[in-house]
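Protein chains in written order, with the numbering used here: chain A, 6 to 557; chain B, 6 to 557. Here's the structure, in structure tokens; my notes come after.
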């Protein structure tokens, strides 16, 4: 293909890898996502860099680990000066366009300190995480209409859904048989139909907005990466008809948990189990209300993607658009006696990742399932490569997936790493953990998953003998487990010691470092002869003898 | 004292801690620096964060470890967005003024990307490492006159030293008995008198410029930290008369080295010994030429400081000025078969540090010698405290030394850490070490000095039984040494895992993180009753029932 392809980067929010039929869900059929996998590569070991929205996304958008970009939890501003995918693409004449959610908070203090007006072109770019925001919607706060009335709020009102808080009253609420409007922020209301017709739901709306962008982009020669970022199936768990009653108790898979797990006395694990959301999702009736809604939201998303892909075919866009589909993290749904996310079991830290590359070079891998260890930070360098942006190894920590997509050699990773800052949480409060020590790090080699817990013993799972991660080997005296823990700690130290803030080390800077003696900085030379031996040229003193060197 | 004190922060360049009489040099008498120690606190275990100018200084000026600020070697630009001492002081209404060297290289690419004009007020501040540059002089390049003609070059010409490269021809050269002008970039010329009278030398000039600043500052109400940063006794090793022949072979202390050390087969240590500068300084005749000049430069510095302190007394400045004296790293001078710096033996990584605080609170500690482990990054928070700037624990990694200066409780450090990036070096070339793996880290607990060498076994010294660091225990099978190495690796991992890029975590941001449910983000609540139990207030749905929730 002569022109570089465009990239449609679709991200779902809080979607478990195993709630798609191509990843093995027995009752939830997602034919459109499955079809994408059939024409691309489905990654079976894709891990996010933090099991929570904000830091996971900041890693996705920077191509860097959380310990590098420093935005360690939701609402932690991304420091000024941290380069993003959008910045790299822009430098190469390509566009990085946002349609949906980023969860990014700008570093207002840093912008003020460097004199960058928030409303200036650069200020807006910084505030939008390097993206060109065709449409931004973090859809998160029940009172977001007051804080930042969104284009979707406008849309609802324009379509007759009048309210001073449309997102909350229509998208996030349901009406019970008695006609009472009830909030989906309470789990008991999850199985009501959302108070909005499906065609006017956020998922449908954001799908249409992506079409609007792609239509407009036809009049622009620049290659683009469009980040279509849905806010679902993230809580509040509620979905419009007919999806709200497509699934019921009979479609709910058994929770993955054991009594031994419940009895694990690791203080941090115990604190996680004691958190309200964990106690809540450990109750069967909560799962029976939430999971059908969660499944409905995913089914609705799949149908909208089907609509989107069909439209792209009709518009002739499919043949030159790489389509990537993933999620920012998963959802425990009561597995392991836990709720929401924030830890490292597979359903929380492993995500679905499918990339369909229309280029002939990718024909050999269509329908392949890849079990290489890959990370969310690998997408940025992959997309940079696709649209013709030079690699930036001094900044980007992810690895280009193109060799996998094209069935060639060149990709390898020994360890996947994920991090979490829980200083904000009930766990930190219960354990009285100082905020600088309230953090964990996961390192996984494809078999052994080692979790370092500052201030506590580590957690260790062997996914070969215990794929469900029910047995914590973090304190096992078995020599093999002792050896594995030592190896994982050493690997974590090697990773943590690696240069990661040295982002000004451009090839030019590195080359310049090696040429001190070329500019006359001579260290350790005794005399002219010694210099000439090393330099292979006569010593030319910069100080010619003569009157010039005598004071007038 | 009602008004906050000012701070005169004096830094020598490449000054070994043990080349001052107050630190025990038998022949080099430095009465003025000794007198400063007598009226202040002399630190006996002060360590720099990298044993080389650039990164050591960037740590000093940011109060952060090298792994945090990312300027890992000389000439590695300090990334845009990395806050400096000057930025913090300015925010508190105080001044951070530079007189001399910083070795800082600005991140031109980052400034352009964020639209900061280099000549703008903010651009200049960024380029000067956050300082207000009363005078900057990195005095480093033999051809610096061409690159950036300095105010000192102007000064020399104005005083009759005409040349198109005055710094090089006068300050850095000597004239031999035959009247030939010879470059001090060649070590054989070290014992010639510099081709400039002492009163016009850089050391004298920069001392005068500090006086100029302090005189001007009297008309300004803002408290200040003045960084008087000398470029000596750093190479080129040459000093004006009469200092050039004050010392000779009889004043040279024996090199600290052993045959066992020379035979150490650690590949990295061997590569260090094989580097040209090490081979050069391992020769007696090189030490016999360089060390007397090095001693003369230090003696000259001490005399100039005597002149400066006497002038401050006369001007009434001493009574309200905290004076700190230190160095950015040491110099091997042939010890351990090594030259220059770049590794972690005491004479390279340990520096002199003396702080004299005129406030009555410090009367109790005058003349004290402190053997607490302190780091160069501790100066920034100490100076911030002195001039009334709030602490910034989310950014600053150093620890306030005020409790030590005032003889109160509150300071503690278990480990000092230093780092080095040698990708630019002969060692990396000889070992074919990839540039991302060419790094080492030192961690020292006051007794055990452990050096992690990426790709090689560690180096370990026991300074209790081997204060001269002649015996490398990095491969010792002794159970005690095995245990110490494991403990040091674990401590290094704890340090490396600590939040260090999370610099946007202001107290406000951290407080905001904990209040999700206050803004209606309810995670895991089943019903109103459960919410009310936890929240202690009735559940107020944001979605009142009624017509507003019906589509018009």
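C-beta atoms are modelled at their ideal positions from N, C-alpha and C, and glycine is treated no differently. A quick note: this is a predicted structure, and the numbers were derived from the prediction, not measured.
Proximal residues of chain B, C-beta to C-beta of residue i below 8 Å
i	result
residue 448 of chain A	The contacting residues do not exist; residue 448 of chain A stays about 11 Å from chain B at best.
residue 515 of chain A	428, 429, 440
residue 114 of chain A	509, 511
residue 282 of chain A	528, 529
residue 497 of chain A	498, 502
residue 354 of chain A	Correct list: empty, because the minimum Cβ distance to chain B is about 18 Å.
Cutoff 8 Å: residue i Cβ touching any chain A Cβ
i	result
residue 5 of chain B	Here chain B comprises residues numbered 6 to 557, so residue 5 of chain B is not present and cannot be evaluated.
residue 279 of chain B	no
residue 501 of chain B	yes
residue 286 of chain B	yes
residue 541 of chain B	no
residue 146 of chain B	yes
residue 464 of chain B	no
residue 74 of chain B	yes
residue 249 of chain B	no
residue 558 of chain B	Lying before the first or after the last residue shown, residue 558 of chain B is absent from chain B, which here runs from 6 to 557.
residue 334 of chain B	no
residue 425 of chain B	no
residue 154 of chain B	no
Under 8 Å between C-beta atoms of residue i and residue j
i	j	result
residue 273 of chain A	residue 458 of chain A	yes
residue 385 of chain B	residue 13 of chain B	no
residue 404 of chain A	residue 383 of chain A	yes
residue 506 of chain B	residue 72 of chain A	yes
residue 152 of chain B	residue 422 of chain B	no
residue 252 of chain A	residue 108 of chain A	no
residue 41 of chain A	residue 388 of chain A	no
residue 400 of chain A	residue 88 of chain A	yes
Contact set between residue i and chain A, taken where Cβ atoms lie within less than 8 Å
i	result
residue 454 of chain B	Chain A residues near residue 454 of chain B: none, gap ~17 Å exceeds 8 Å.
residue 525 of chain B	146, 147, 148, 190
Interface partners of residue i on chain B, CB under 7 Å
i	result
residue 193 of chain A	531, 532
residue 22 of chain A	Within chain B, no residue comes near residue 22 of chain A; the closest Cβ sits about 21 Å away, beyond 7 Å.
residue 109 of chain A	Those within 7 Å of residue 109 of chain A in chain B number zero; the least Cβ separation is about 12 Å.
residue 127 of chain A	119, 120
residue 37 of chain A	Those within 7 Å of residue 37 of chain A in chain B number zero; the least Cβ separation is about 29 Å.
Contact with chain B by residue i, beta-carbon distance below 8 Å
i	result
residue 553 of chain A	Per-residue confidence for residue 553 of chain A stands at a pLDDT of 49, beneath the threshold of 50, marking its modelled position as unreliable; the derived number appears in the next sentence. Taking Cβ atoms only, chain B reaches closer than 8 Å to residue 553 of chain A, which makes this a yes.
residue 226 of chain A	no
residue 172 of chain A	no
residue 457 of chain A	yes
residue 486 of chain A	no
residue 489 of chain A	no
residue 444 of chain A	yes
Cβ of residue i within 8 Å of any chain D Cβ
i	result
residue 494 of chain A	Within the model displayed, chain D is absent; protein chains A and B are what it includes.
Residue span of the beta strand (DSSP E) that contains residue i, given as start and end
i	result
residue 454 of chain A	453-458
residue 375 of chain A	373-375
residue 229 of chain A	229-234
residue 367 of chain B	No beta strand (DSSP E) holds residue 367 of chain B; DSSP gives it neither H nor E.
Chain-ordered chain A contacts of residue i [CB-CB under 7 Å]
i	result
residue 81 of chain B	507, 509, 510, 514
Beta-carbon neighbours of residue i, restricted to chain A and to distances below 9 Å
i	result
residue 77 of chain B	504, 506, 507, 510
residue 345 of chain B	528, 529
residue 92 of chain B	118
Residue range of the unbroken alpha helix (DSSP H) whose run includes residue i
i	result
residue 304 of chain B	289-319
residue 268 of chain A	264-268
Interface residues of chain B facing residue i [CB-CB closer than 9 Å]
i	result
residue 86 of chain A	84, 85, 86, 87, 112, 115, 118, 119
Exercise. Three or more beta-carbon pairs under 8 Å between the stretch 244-251 of chain B and the stretch 302-310 of chain B, yes or no?
Worked result: Yes: at least three Cβ pairs fall under 8 Å.
Exercise. At a cut of 8 Å, does the stretch 44-63 of chain A reach the stretch 358-376 of chain A through at least three beta carbon pairs?
Worked result: They touch, by the three-pair rule.
Exercise. Counting pairs of beta carbons, one from the stretch 439-450 of chain B and one from the stretch 477-491 of chain A, are three or more of them closer than 8 Å?
Worked result: Taking 8 Å as the limit for Cβ pairs, the verdict is that the stretch 477-491 of chain A does not touch the stretch 439-450 of chain B.
Exercise. Is the stretch 214-232 of chain B close to the stretch 260-278 of chain B, with three or more CB pairs under 8 Å?
Worked result: With the cut-off at 8 Å, the stretch 214-232 of chain B and the stretch 260-278 of chain B do not touch.
For this session: Inspect the CB distances between the stretch 123-142 of chain A and the stretch 197-205 of chain A and report whether three or more fall short of 8 Å.
Result: Per the Cβ contact rule, the stretch 123-142 of chain A is not in contact with the stretch 197-205 of chain A (fewer than 3 Cβ pairs under 8 Å).
For this session: State whether the stretch 409-420 of chain B contacts the stretch 87-101 of chain B, with contact taken as three or more CB pairs (one from each stretch) at a distance under 8 Å.
Result: The stretch 409-420 of chain B makes no contact with the stretch 87-101 of chain B: fewer than 3 CB pairs, one atom from each, lie closer than 8 Å.
For this session: Take every Cβ of the stretch 180-199 of chain A, pair it with every Cβ of the stretch 131-145 of chain A, and state whether three or more of those distances are shorter than 8 Å.
Result: Taking a contact to require three or more Cβ pairs closer than 8 Å, the stretch 180-199 of chain A and the stretch 131-145 of chain A do not qualify as touching.
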